Every structure is written in C-alpha cells, then in structure tokens.
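Numbering (the working numbering), first residue to last: 10 to 107. These notes concern the structure reproduced below.
Printed below as a string of structure tokens:
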C-alpha cells in the first residue's frame, strides 16, 4: 500500500489517496480517495486482470462514490494498444476545439 499526500500549497481536491497494489507485479488493486478533510470520498477497484497487447493489466475499473450508496461507474477495456505513435498535431489547440 502506498499513501499519497499532496504538498500543502498544491491546488488539489484530494487530501489523501491510498493505492493498493499486488506485491509481486505492482498491478493496481484499489485506490481510495479522501477529500481535503480526510473523509472517504470514493473507491476505485481494478479487476479482471488479462493479457492485452503483451501486458498483464486490469481490464475493468469500478468507481464507488461514498456519497451515493449503491451507485457505481464501470469502465471496461476490450482492446488496448501500447507504445503507439501519436502525431503531436492530434493534441493541437485546433484539433481539441473540433
């Protein structure tokens, strides 16, 4: 488990983030977010570890907000490519405004 604390002068919304990883391969298991008053805000869980593009990764994320019991958001990766080349123009102001 890794505890992340912001610098006092940092403009952030989290007071603390705890990151739980698998000890043998450092894959993320859970991230626990606390607000600026250190009250639990949300939990992010990583599941369904699979091989994708030659790497073992969690292919599902579930976010559970503390203030909305029974609610969650799920993100599932069905395909992913690593180390691809992306033209700098892709992130230009003109492209981002389209």
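Idealized CB from N, CA, C, for every residue including glycine. Note that the structure is predicted; figures quoted are calculated from it, not measured.
N- and C-terminal bounds of the beta strand (DSSP E) containing residue 85: 82 to 85
Meets three-Cβ-pair contact criterion under 8 Å: the segment 60 to 68 and the segment 40 to 48: no
One or two residues paired with residue 74 in a DSSP bridge: 51
Under the three-state DSSP convention, the category residue 64 falls into: strand
Distance, residue 70 Cα to residue 85 Cα: 6 Å
Rounded C-alpha distance that separates residue 20 from residue 42: 16 Å
Three-state secondary structure assigned by DSSP to residue 59: strand
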